[in-house]
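In the order they appear, the protein sequences are chains A and B. Those letters in the first sequence? Residues 1 to 280, by the working numbering. Those letters in the second sequence? Residues 281 to 560, by the working numbering. Single-structure report; data block below.
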Amino acid sequence: MSIKTRTNYLHIVISILLAMLAILFVAPIIIVFMNSFKSKLFISSEPFAFPTSETFTGYANYVEGARKINFFKAFGYSLFITTFSVTAVVGTTSMLAWYITRVKSLFTTFTYYLLVFSMIVPFQMVMFTMSKIANILHLDNPVGVIVLYVGFGAGLGSFMFSGFIKTIPLSLEEAALIDGATPPQTFFLVVLPMLKPTAITIAILNAMWIWNDYLLPYLTIGTEYKTIPVAIQYLRGGYGAVDMGAMMAMLVLAMLPIIIFYLFTQRYIIEGVVAGAVKG
Amino acid sequence: MDKTLRRWAPLFVLPALICFIIAFLVPMIMGLVLSFFKFSTVTDGVFVGWSNYKRIFTDMDFVTSLWMNVRFTVVTVISINILAFFLALLLTQGVKGTNVYRTIFFMPNLIGGIVLGWIWLLIINGILLPKNATIITDAKYGFWGLVALANWQNIGYMMVIYIAGIQTINRDLIEAAQIDGANSWIRLKSVILPSVMPAITICTFLTLTSGFKIFDQNLALTAGNPARQTEMLALNIYNTFYTRTNFEGVGQAKAVLFTILVAIIALTQLAATRQKEVEA
Chain A
1 MSIKTRTNYL
11 HIVISILLAM
21 LAILFVAPII
31 IVFMNSFKSK
41 LFISSEPFAF
51 PTSETFTGYA
61 NYVEGARKIN
71 FFKAFGYSLF
81 ITTFSVTAVV
91 GTTSMLAWYI
101 TRVKSLFTTF
111 TYYLLVFSMI
121 VPFQMVMFTM
131 SKIANILHLD
141 NPVGVIVLYV
151 GFGAGLGSFM
161 FSGFIKTIPL
171 SLEEAALIDG
181 ATPPQTFFLV
191 VLPMLKPTAI
201 TIAILNAMWI
211 WNDYLLPYLT
221 IGTEYKTIPV
231 AIQYLRGGYG
241 AVDMGAMMAM
251 LVLAMLPIII
261 FYLFTQRYII
271 EGVVAGAVKG
Chain B
281 MDKTLRRWAP
291 LFVLPALICF
301 IIAFLVPMIM
311 GLVLSFFKFS
321 TVTDGVFVGW
331 SNYKRIFTDM
341 DFVTSLWMNV
351 RFTVVTVISI
361 NILAFFLALL
371 LTQGVKGTNV
381 YRTIFFMPNL
391 IGGIVLGWIW
401 LLIINGILLP
411 KNATIITDAK
421 YGFWGLVALA
431 NWQNIGYMMV
441 IYIAGIQTIN
451 RDLIEAAQID
461 GANSWIRLKS
471 VILPSVMPAI
481 TICTFLTLTS
491 GFKIFDQNLA
501 LTAGNPARQT
511 EMLALNIYNT
521 FYTRTNFEGV
531 GQAKAVLFTI
541 LVAIIALTQL
551 AATRQKEVEA
């Protein structure tokens with residue numbers, strides 16, 4: 001057998017294997033989707049069966065679930081908090097990173113190491129004291145939470161921006177300053193445009209984190225303003241009595257926007273995540 | 281440049297730094313101090329020395345959850361990395377539809393921990409249905425449920441990092457080995473594996489830290505049931521703080537130990553990466 005036909009056979013085997021694995025990977029999502037149209041009794045008794053005329057309930061689970069947890073309000077909070085937090089993280093950390101990379105002093109070195117250190121510390125270390133402080137400072141609302149996210153996002157953002165800024169030659173910025181530009185003009189007109197690829201990576205990583213985050217919004221604003229993860233966990237209710245019908249429908253509504261967004265931007269997301277993992 | 285920039289320090293530094301101080305630095309220091317205090321809010325502390333740390337070990341719950349977490353992390357680090365590397369190999373053979381498969385395998389990584397937990401609750405309970413059991417019937421069901429979930433979530437993420445690693449290998453090198461008569465096992469062992477060592481280091485540490493930090497998935501899938509046997513460290517700390525009275529100090533002391541554990545892993549990674557750079 002020649003190398004070419006052998007490669008062809010190998011490709012067929014790999015293709016079949018990949019197709020089977022792909023089905024296995026999407027199966028959980030399909031199963032949830034299927035069950036979201038079944039009445040709750042049949043979700044627990046025959047979870048892997050397709051809906052039949054007997055078990056099919058149309059949009060009833062969606063209507064019930066959206067009413068129970070106020071899904072569209074939760075969607076609004078999640079969207080608001082994620083959008084503004086990500087913008088604020090990218091904006092403020094790029095500025096901070098430029099300063100601490102270009103100005104060499106004890107203060108900037110110390111700040112840099114403190115920021116890097118904060119990336120290691122698990123959330124449980126600060127969750128109790130942080131939520132109390134947020135409460136005292138009246139940050140326990142959707143706008144105040146942005147301050148908290150900037151604080152927690154500052155480590156990774158500054159670290160990655162700083163890593164990139166180190167590779168930019170100083171001469172460009174110096175030329176701008178000699179030509180009479182002020183530091184803010186230099187930053188916004190010369191430096192910031194060059195930071196675009198890193199900014200996209202940081203925005204993606206932060207958006208994934210903040211959109212899916214549960215504990216921080218639960219502890220700080222969870223009783224009044226429920227984001228999507230908080231609202232979904234709220235369906236669990238008291239003693240284990242979970243309405244699985246409403247749950248399935250809400251899981252679909254929670255996943256749908258992310259999956260649609262992902263299908264259009266998957267190249268950037270995957271590249272961003274790889275860049276983040278390799279540099280962070 | 282240094283001097284002109286210094287005058288603008290408040291503008292560049294303060295926005296991110298103030299958020300960082302409020303959300304992280306102050307809560308972190310307060311948390312460390314309060315681990316030596318008895319308190320229920322952050323302002324009513326009474327100094328108790330090492331008592332909180334001693335009280336951690338009067339109950340076995342922390343040690344039990346540490347052991348559960350170690351087993352979970354060992355199993356997931358190995359399984360995720362082997363499967364992810366295997367998928368990365370399949371996807372770098374130039375088979376048709378590679379991009380589509382990559383998109384599918386990565387997708388679960390975008391779904392938040394709470395949603396993931398509920399998806400897998402449906403799946404695991406469905407699988408256990410013929411046995412007349414649910415995920416909380418036996419701790420081993422919860423354990424393997426969490427392992428399955430973590431694999432589904434992280435395989436695609438690690439896979440894209442391995443793909444990036446494999447793609448940096450010079451194609452000529454592999455072809456040269458092929459012409460020299462090296463079979464696929466030798467090519468894997470002597471050409472591919474050494475070249476992806478940096479990716480292996482990154483992925484090992486990413487799965488290691490995420491294994492220890494796991495919280496949302498644990499809360500939504502098993503909530504530690506049955507009888508707290510599937511409760512891992514982060515959830516154990518959370519429960520100590522919020523479900524027991526007069527245990528805030530103990531929770532904070534546990535959080536300090538947890539932070540030290542995660543920091544040791546991170547520092548080991550740093551040392552390992554540094555060493556690689558020296559060798560290269």
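C-beta atoms are modelled at their ideal positions from N, C-alpha and C, and glycine is treated no differently.
- Taking the Cα positions, residue 6 (chain A) is about 22 Å away from residue 446 (chain B).
- In the three-state reduction of the DSSP assignment, residue 38 (chain A) falls in the strand class, which pools E and B.
- The beta carbons of residue 273 (chain A) and residue 381 (chain B) sit no closer together than 8 Å.
- Beyond the five residues adjoining it in sequence on each side, residue 336 (chain B) comes within less than 8 Å, by CB distance, of 342, 530, 533, 534 and 537 in the same chain, given in chain order.
- Residue state for residue 252 (chain A) is assigned as helix, using DSSP reduced to three classes.
- In the structure shown, residue 326 (chain B) adopts extended strand secondary structure according to DSSP, grouped into three states.
- Only residues of its own chain outside the window of five on either side were considered, and among them 388, 389 and 396 have a CB closer than 7 Å to the CB of residue 433 (chain B), listed in chain order.
- The region 151 to 168 of chain A makes contact with the region 100 to 114 of chain A: 3 or more CB pairs, one atom from each, lie closer than 8 Å.
- Within its own chain, the residues whose Cβ lies closer than 6 Å to the Cβ of residue 206 (chain A), once the five positions on either side in sequence are excluded, are 86, 89 and 153, listed in chain order.
- Between residue 38 (chain A) and residue 56 (chain A), the gap from beta carbon to beta carbon is short of 8 Å.
- In this structure, the beta-carbon distance from residue 400 (chain B) to residue 501 (chain B) falls below 8 Å.
- Neighbours of residue 214 (chain A) in chain B, taken as residues whose beta carbon is under 9 Å from its own, are 392, 393, 394, 495, 496, 499 and 500 in chain order.
- Following the DSSP letters along the chain, one finds residue 420 (chain B) inside the alpha helix (DSSP H) bounded by residues 419 to 447.
- In the three-state reduction of the DSSP assignment, residue 469 (chain B) falls in the helix class.
- With 16 or more other Cβ atoms from the protein chains shown falling within 10 Å of its own Cβ, residue 245 (chain A) counts as buried.
- For residue 127 (chain A), the enclosing alpha helix (DSSP H) starts and ends at 123 to 136.
- Residues of chain B with a Cβ closer than 7 Å to the Cβ of residue 151 (chain A) are, in chain order, 299, 300, 302, 303 and 304.
- Chain-ordered, the chain B residues with CB closer than 9 Å to the CB of residue 154 (chain A) read 296, 297, 299, 300, 303 and 304.
- Between residue 128 (chain A) and residue 528 (chain B), the CB-CB gap stays under 8 Å.
- For secondary structure counted as the alpha helix (DSSP H) over 4 or more consecutive residues, the region 161 to 218 of chain A holds these complete runs in sequence order: 170 to 178 and 196 to 212.
- Secondary structure note for residue 497 (chain B): its alpha helix (DSSP H) is the uninterrupted segment 496 to 501.
- With fewer than 16 other CB atoms across the displayed protein chains lying within 10 angstroms of its CB, residue 326 (chain B) is exposed.
- For residue 473 (chain B), the nearest beta carbon of chain A is not closer than 8 Å to its own beta carbon.
- About 20 Å separates the Cβ atoms of residue 426 (chain B) and residue 485 (chain B), ruling out a contact at the 8 Å cut-off.
- At least 8 Å separates the CB of residue 511 (chain B) from every CB of chain A.
- Under the three-state reduction of DSSP, residue 318 (chain B) is assigned to strand.
- Taking the Cβ atoms as the reference, residue 492 (chain B) lies roughly 6 Å from residue 542 (chain B), within the contact range of under 8 Å.
- Shown here, residue 56 (chain A) sits in a strand according to DSSP, grouped into three states.
- In this structure, residue 301 (chain B) keeps its C-beta atom at 8 Å or more from the C-beta atom of residue 255 (chain A).
- The beta carbon of residue 484 (chain B) sits no closer than 8 Å to any beta carbon of chain A.
- Between residue 515 (chain B) and residue 504 (chain B), the C-beta spacing is below 8 Å.
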